[in-house]
Every structure is written in structure tokens, then in C-alpha cells.
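One structure is given below, encoded as C-alpha cells.
There are 2 protein chains.
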Amino acid sequence: MRRCTANRTFPSIDSVVKTLHDATVTTSQDPRPTMLDVARLAGVSLKTASRVLNGEPHVAAGTAAKVHTAAGQLAFRLNGIARELRQGARSTSVGLIISDVANPFYARVARGAERRLRSAGLQLITASSDEDADSERKLTAELLERRVCGLLITTCLSDHAHLEIERRLGIPVTFLDRPPVGIVADTVAIDNEVGARLAAQHLLDQGHRRIGLIGDLSRLTTHRERVAGFQSALTEAGVDDWERYVRADSHDSESAGRSVRALMALKQPPTALFTTNNRITIGALRALRDRARPPALVGFDDFELADLLGVTVISHAPEDMGAIGAGLLLARLDGSSAGAHSERLPVRLIERGSGERPPA
Amino acid sequence: MRRCTANRTFPSIDSVVKTLHDATVTTSQDPRPTMLDVARLAGVSLKTASRVLNGEPHVAAGTAAKVHTAAGQLAFRLNGIARELRQGARSTSVGLIISDVANPFYARVARGAERRLRSAGLQLITASSDEDADSERKLTAELLERRVCGLLITTCLSDHAHLEIERRLGIPVTFLDRPPVGIVADTVAIDNEVGARLAAQHLLDQGHRRIGLIGDLSRLTTHRERVAGFQSALTEAGVDDWERYVRADSHDSESAGRSVRALMALKQPPTALFTTNNRITIGALRALRDRARPPALVGFDDFELADLLGVTVISHAPEDMGAIGAGLLLARLDGSSAGAHSERLPVRLIERGSGERPPA
DNA sequence: CTGAAAGCGCTAACAG
DNA sequence: CTGTTAGCGCTTTCAG
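If you're matching them up, the sequences are chains D and U in order.
In terms of the numbering used here, the first sequence is numbered consecutively and its last residue is 439.
In terms of the numbering used here, the second sequence is numbered consecutively and its last residue is 439.
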């Protein structure tokens with residue numbers, strides 16, 4: 080039986096070189112050479128070409144050389160799609176769903192994950208959900224259809240039972256930053272409660288009693304944990320009306336700025352602020368820029384230039400979140416069936432001035 | 080002929096639900112249901128199942144319903160790998176190679192590209208090369224093996240003839256930020272020369288004559304174009320010893336800081352600085368932070384918090400670079416065979432204070 | 001050390 | 001409206 084590729088003319092190296100000087104940029108349709116083409120040109124069987132091209136042992140040196148030459152002449156490139164299909168319909172890429180790559184926090188998470196995965200020979204497909212549930216569901220489905228071998232998710236959904244099926248089918252899922260609901264799975268999050276308590280305690284230590292909290296979307300676990308830590312420090316210190324100065328649901332710096340201005344416009348404005356993520360901190364700084372006597376401020380998440388601006392922050396390592404999450408995924412792919420691992424990344428307070436201002 | 084899947088037992092919804100309460104997180108091995116499994120359960124042929132699952136017309140409503148029910152029961156998910164293989168061994172993803180996602184400039188480029196591609200139903204695989212040639216070559220090969228349907232590259236190589244072959248084989252490549260060498264291809268870059276001239280002219284207008292330039296790796300086209308623009312403004316203004324204050328090859332903020340300190344330690348230090356990218360500008364700001372009378376400064380690339388820090392910059396839109404580049408790629412995938420398109424993104428100077436300081 | 005045949009899961013082409 | 005057949009490009013199995 081002859082394949083239809085039998086009569087194919089091979090694009091010669093000459094023809095390739097010639098077009099280097101063409102001015103047109105055509106997306107032309109020379110069929111891509113297959114392994115069979117290489118085998119024929121080398122005068123060996125398909126299997127032998129496969130062996131050589133995959134670096135398998137037990138091939139005569141001369142044979143291998145012929146195959147390599149043929150592959151070079153044809154500009155052959157192994158078809159990873161066909162290989163994956165044959166090997167079990169699972170790809171060598173991992174999907175990462177974050178809310179926005181342009182947010183430095185997530186960019187660093189992605190970077191950490193990419194590094195760790197690459198060291199294991201896997202690729203990372205990053206997608207941004209914009210904190211939208213439908214978008215996250217759609218991206219998840221797309222990535223699974225493309226047969227990623229695992230998923231790293233910074234979820235904005237409130238239920239993850241649908242992913243249990245995937246896990247049973249061999250696709251591990253690791254949750255980053257926010258824990259899953261309705262299933263048990265590996266999770267890497269920040270020690271939010273401790274971090275928030277640290278921030279609040281620091282401000283209390285400077286003598287502040289009216290401390291404002293500008294928070295992210297109130298449905299997010301991170302937000303709730305940070306509020307919990309804040310609350311525990313304040314109530315322990317005997318500040319019972321702490322809720323008066325809590326403003327949640329700022330998911331970008333503009334809305335955070337509005338909340339700050341509203342808070343500062345009260346008759347009894349707060350003397351200090353705890354801004355619960357990098358976007359919010361930046362919004363607050365902008366809103367406060369022209370104040371002669373700005374309130375003290377501690378922000379959750381470190382950010383570039385916080386040093387120059389003298390902003391005291393609760394710092395942690397986003398890269399580690401990505402790297403550790405990727406590591407957990409790799410362990411599952413390796414067959415680990417240990418109980419779900421839940422990791423909390425450590426935080427520390429970095430004093431830079433803004434958090435050390437005393438009450439007005 | 081019976082397939083080996085014939086005797087497979089389907090994982091029932093019950094068994095799936097049951098495990099929701101298991102505490103173990105096994106990456107177990109239930110085989111994933113195929114379209115044939117769905118077809119059998121629904122009592123229709125494979126092709127009919129395929130039609131329904133792909134939303135093709137000409138299927139009776141009742142038949143479609145049966146198939147959907149079966150698919151739901153089995154938690155079926157179409158195998159994108161098999162589909163792609165059948166449809167021509169080309170995937171629905173585009174590869175993007177940048178130097179580092181954690182650099183906000185590239186993160187914004189990635190964001191722009193992702194948005195544009197997603198609107199066309201494609202996914203983006205982002206990889207960081209760390210400005211390393213071997214790494215870029217390796218990533219390129221990997222992405223091509225995975226049969227991305229196109230490539231967006233911020234290259235650090237000095238020759239791209241090898242990509243000509245890919246183009247002939249139908250894989251378009253668009254160059255971002257830096258033009259290709261040795262081949263003709265679509266390119267989206269910033270108007271570097273104009274931007275640099277704008278920066279230099281602005282500083283000259285404030286009366287500066289000794290203007291330092293802290294630059295990126297000198298082999299980069301972007302660097303050379305920015306130096307050219309800088310030079311043309313200075314020589315036109317009669318400043319002939321402009322090279323005295325040029326320091327190149329700072330690729331991170333630390334080395335930029337060192338160059339700044341070295342420059343400022345001269346007997347006749349510059350009274351103004353032009354920092355040619357966001358990393359360098361930030362390094363310079365850190366190096367200058369404790370100076371009572373810092374030199375004037377204009378930076379290439381806008382960056383977050385430049386407003387608060389009062390840094391005058393040459394601004395442009397990195398998202399557009401990604402989006403326009405992706406658009407050019409999509410046009411090629413659509414069959415466009417127009418001549419290579421070379422786009423220059425506009426720049427503008429934003430005055431924020433640092434660039435308006437007069438000479439000491 | 002080398003090769004022939006089967007088939008991964010799907011869709012295209014063509015019947016009915 | 002529905003089904004049958006072939007085959008995408010590769011790796012696996014088994015036989016030389």
C-alpha cells in the first residue's frame with residue numbers, strides 16, 4: 080500500500096536558500112516533510128528513522144548518519160502532535176490560569192512556574208481570566224481539550240467539583256493563591272492571616288487606633304483571610320469598631336483610590352491604612368500623593384519601586400508560589416498519591432517609612 | 080473489527096460523585112472516554128457523535144440530545160490533539176518568545192497578544208528566553224515541534240535564516256520589538272530613533288549639554304536605534320563630545336545603577352541622563368535616590384509609578400505591540416501574501432518633572 | 001541491529 | 001439525516 084506522500088517532491092535545500100532573497104512573505108503550502116519522507120530519502124524504514132530521530136540506542140552509526148543527513152536536508156521537524164496522540168493523548172504542556180499577566184504579582188507567579196516546569200521538559204500555556212468566572216470555565220475547558228497534562232489555577236470560581244473528574248482521569252490540578260471548594264487538591268497560598276495580623280499589629284504598635292482597610296473583592300478567600308488577620312489583631316488590641324474603616328471590593332487601583340478618598344473624607348478619618356494587595360496599595364498612594372500629612376500605610380504584596388517610595392509592605396515570594404505549585408503538579412504526574420498538600424508561603428514585614436508614621 | 084475500547088467500563092456519574100468525598104488525591108488511571116464511547120452509549124455511529132459534538136448541522140434533535148446526554152454522563156472531552164492531527168497537524172496555539180515575563184514591558188506585550196489571539200480562538204504559549212541565544216533557539220524548536228501555528232518573537236539572535244524554512248512550510252513568524260536579520264518578515268517595533276531624539280531634544284531644551292546615556296546591551300537593535308536618535312539630536316545641537324557620557328550594556332537595574340554612579344563620579348559629571356529602558360531607568364533612580372541635586376532624567380518606556388515618582392518618560396503602548404503583531408500573524412494565517420509589513424509604534428514624551436530640571 | 005503492521009482519537013470524503 | 005471507511009504522523013509491538 081502506497082501512502083499519498085509517495086510521490087511528494089522534497090523541498091531541496093537549494094530551493095529553501097533561494098527564497099531567502101524573495102521579497103514576498105507568503106504563507107505558502109509546501110507540505111511539511113514527515114518521518115516517512117526522511118526514511119525514504121535515507122533509504123531506511125520508518126521505524127529506523129524514528130529510532131534515530133529519538134536518540135534510541137541500537138542503531139548502526141552509518142545508518143544514523145544517513146537519517147540525520149536526510150532530516151537536515153528536508154528541514155524535518157518531528158510532529159509533536161502525532162507523537163502525543165500515539166503516546167496517550169496527553170501533551171507536554173501545563174496550563175496556568177491567572178487573572179492578568181500584566182499584574183506583576185501574577186507575572187512573577189507565571190515566571191516561577193515556567194522555570195520549574197521547563198526544568199522538567201514541560202511547557203507552560205498561560206491564560207488570563209480577568210477574574211471572570213465564565214472566562215475561567217471556558218479557559219479550563221479549552222486547556223483540557225488541548226490535553227494539557229496538568230493545571231495550575233488561580234481560581235475565581237466558588238466551586239470546583241467539575242475538576243474532580245479530571246483528576247480521576249489523570250489530570251492533576253494545583254490551586255494557587257486561592258484554595259478549592261468542593262474538592263480536595265494541592266494548594267499553595269500565602270500566609271494571608273499572619274501577614275495581615277503583622278500589618279495591623281505594626282500599625283497598632285505605632286499608636287494607631289483608627290486603621291482603615293482597603294480590600295479586594297470580598298468573595299475572594301485571600302480577602303477574607305486578610306480581613307480575619309486584621310480583625311484579630313485589632314480586637315485583641317481592644318479596637319472594637321474596626322469595621323467602620325473597612326472598605327472592600329476594590330479590584331483595581333482606581334476604585335481603591337476612590338475608597339481611600341472616601342475614607343479620608345470622614346469627620347474622623349483613619350490615621351493609618353492597610354491596603355490588602357499591590358493594585359490597591361498603588362491606588363492608595365496615588366490618592367494620597369498630594370496630602371501634606373498622609374496616613375500611615377502598610378501594603379500587602381511587595382512591588383517594584385516600593386523601596387524608592389518608602390512604602391512599608393508585607394512581602395512574600397510570588398515566584399515561589401508558581402515554582403512550588405508546579406513542583407506539586409510534577410509530583411502528581413510522577414504518580415504521587417499522597418494526601419492533598421496545602422502549602423502556606425511565609426510573609427515578612429519590610430519597614431520602609433510609610434508604616435512607621437505616628438498618628439496625626 | 081472490534082476496537083480495544085469495546086469492553087471498557089464507563090465511569091458512571093455515581094462513581095465520580097462518590098470520590099468527591101475521598102480524602103486521597105490520586106492521579107488515577109481511568110481511561111478517558113473517547114468519542115466512540117459516547118457514540119456507543121448513545122447508540123449512534125462515531126460520525127454522528129462527531130457531528131453533534133462539533134455542532135454541525137443536519138442532525139435530528141432527538142439524536143443530538145442522546146449524544147449530549149451520553150457525553151455528559153461520561154464527562155467526555157474532545158481530544159484536541161487527535162483533532163489537530165487529523166486536520167493537518169497544526170495546532171490552535173501561537174508561540175510567543177520574550178526575554179522575561181516578569182519584566183512589565185514584556186508582560187504587557189504578552190497581554191496584548193493574548194487578547195488579540197483569543198478573540199480569534201487561538202491560545203498563546205509564552206516562553207522566556209532570558210536574552211539567551213541558545214535558549215531562544217531551543218524554545219523555537221520546541222514550539223515548532225508542538226506545531227504552533229505561528230510565532231511571535233522578541234529575538235536576541237543575530238540571524239534568522241532558519242525561520243525562512245518554517246515560513247515556507249506555512250508557519251508565519253512576526254518579529255516584535257527587534258527586526259529580523261537575514262530574512263524578510265512582518266515586524267512591529269517602537270519608533271526608537273524618534274523617541275530617543277525626543278528625549279535628547281527635551282534635555283537640550285532645558286539647557287543641558289553634558290547628557291549621559293545609559294543603554295542596554297549594545298548588540299540590540301533597539302539600543303542602537305536609540306543611540307542613533309540621541310546622537311542626531313546632540314550633534315545637531317552642536318554637542319560633539321556626546322560619546323563621552325554614553326555607557327551601554329546594562330541589562331538590569333543593578334548594572335545600570337553602577338554605570339550611573341560611575342558617570343556621576345566623573346570630575347565633570349553629566350547634568351542630565353537619558354536611560355534607555357524601564358529596567359535602566361529604575362536602576363538609575365535607585366542610584367540617584369540620595370542625591371540632593373540629582374541630574375535631570377528622561378527614561379525610555381513608561382512604567383508603573385513613574386507618575387508618583389515624577390519621572391519624565393518616552394511613552395508608548397506595549398500592549399499594541401503584542402496586539403498588532405498578533406494581528407499580522409492572523410492575517411498571514413488567513414492567507415495574506417502581501418509584502419512584509421513593518422510597523423513602528425508611535426512614542427510621546429510625558430513631562431513629569433525629572434526631565435524638566437535645569438542644569439546644576 | 002532493522003523492519004512490517006497496527007492503531008492513538010479524531011475528521012474528511014463519500015455513500016446510503 | 002446517518003453511517004462506513006480511510007488515514008493524519010507518529011510510536012509500539014512483535015518478528016526477523
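Each residue gets a CB set at the ideal place from its N, CA and C atoms; glycine is no exception.
Proximity below 8 Å, CB of residue i to CB of residue j
i, j, result
"H173/D", "L201/D", "The sequence shown places Val at residue 173/D, rather than the His named in the question. The answer is yes: Cβ separation under 8 Å."
"P374/U", "P397/U", "no"
"T234/D", "R257/D", "yes"
"G401/D", "G191/D", "yes"
"V131/D", "A143/D", "yes"
"V117/U", "A149/U", "yes"
"A312/D", "Q280/D", "yes"
"A419/D", "A264/D", "yes"
"R226/U", "G167/D", "no"
"L345/D", "L231/D", "no"
"R365/D", "E224/U", "no"
"P251/D", "L412/D", "yes"
"P183/D", "P110/U", "no"
"G404/D", "T171/D", "no"
Reduced DSSP category for residue i - H, G, I as helix; E, B as strand; rest coil
i, result
"V123/U", "coil"
"F254/U", "strand"
"S334/U", "helix"
"V377/U", "strand"
"G401/D", "helix"
"S129/U", "helix"
"A268/U", "strand"
"E422/U", "strand"
"V339/D", "helix"
"F155/D", "coil"
"T354/D", "strand"
"V392/D", "strand"
"I262/U", "coil"
"L387/D", "helix"
"R326/D", "strand"
"R427/U", "strand"
"G141/D", "helix"
"L407/D", "helix"
"G286/U", "coil"
"L296/D", "coil"
"G362/D", "helix"
Whole-angstrom distance between residue j and residue i, CA atom to CA atom
i, j, result
"T103/U", "A417/D", "Legend: pLDDT at T103/U = 42, less than 50; position of this residue unreliable, value from coordinates given subsequently. Distance between the alpha carbons of T103/U and A417/D is about 7 Å."
"R276/U", "G406/U", "29 Å"
"G122/U", "S129/U", "13 Å"
"A186/D", "K126/U", "43 Å"
"D209/U", "S237/U", "15 Å"
"L428/D", "I393/D", "4 Å"
"S329/U", "T219/U", "26 Å"
"L203/U", "T205/D", "7 Å"
"I465/U", "V390/U", "No statement about residue 465/U is possible, as the shown extent of chain U runs from 80 to 439 and does not include it."
"A240/D", "D386/U", "45 Å"
"F300/U", "V377/U", "Sequence inspection shows Thr at residue 300/U; the Phe mentioned does not correspond to that position. So the two alpha carbons sit approximately 20 Å from each other."
"S415/D", "H147/U", "34 Å"
"A212/U", "Q347/D", "59 Å"
"R340/U", "P438/U", "18 Å"
"C83/U", "E193/D", "The predicted position of C83/U is uncertain, since its pLDDT is 30 and thus under 50; a value taken from the coordinates is nonetheless stated next. Answer to the nearest angstrom: the Cα atoms are 37 Å apart."
"S178/U", "T314/U", "33 Å"
"R370/U", "V325/U", "21 Å"
"T105/U", "L248/D", "The predicted position of T105/U is uncertain, since its pLDDT is 43 and thus under 50; a value taken from the coordinates is nonetheless stated next. Straight-line Cα distance between these residues: approximately 10 Å."
"R197/U", "A189/U", "12 Å"
"S107/U", "S421/D", "Confidence in S107/U is poor, its pLDDT being 47 and thus under 50, which makes the residue's placement too unreliable to answer from."
"R165/D", "G261/U", "37 Å"
"E435/D", "R323/D", "22 Å"
Q: Write down every uninterrupted run of the alpha helix (DSSP H) in the stretch 160-207 of chain U whose length is 4 residues or greater and which is fully enclosed by it, in chain order.
A: Taking 4 residues as the shortest admissible run, the stretch 160-207 of chain U contains the following complete alpha helix (DSSP H) segments, listed from N- to C-terminal end: 183-197.
Q: Could you tell me whether the stretch 287-299 of chain D touches the stretch 335-348 of chain D, using the rule of 3 or more Cβ pairs below 8 Å?
A: Pairwise C-beta distances place the stretch 287-299 of chain D in contact with the stretch 335-348 of chain D, as three or more of them are shorter than 8 Å.
Q) Using 8 Å as the threshold, is the stretch 295-307 of chain U in touch with the stretch 264-284 of chain U, meaning 3 or more CB pairs across them? A) Yes, they touch.
Q. Would you say the stretch 344-361 of chain D touches the stretch 378-390 of chain D, given that touching needs at least three Cβ pairs under 8 Å?
A. The stretch 344-361 of chain D makes contact with the stretch 378-390 of chain D: 3 or more CB pairs, one atom from each, lie closer than 8 Å.
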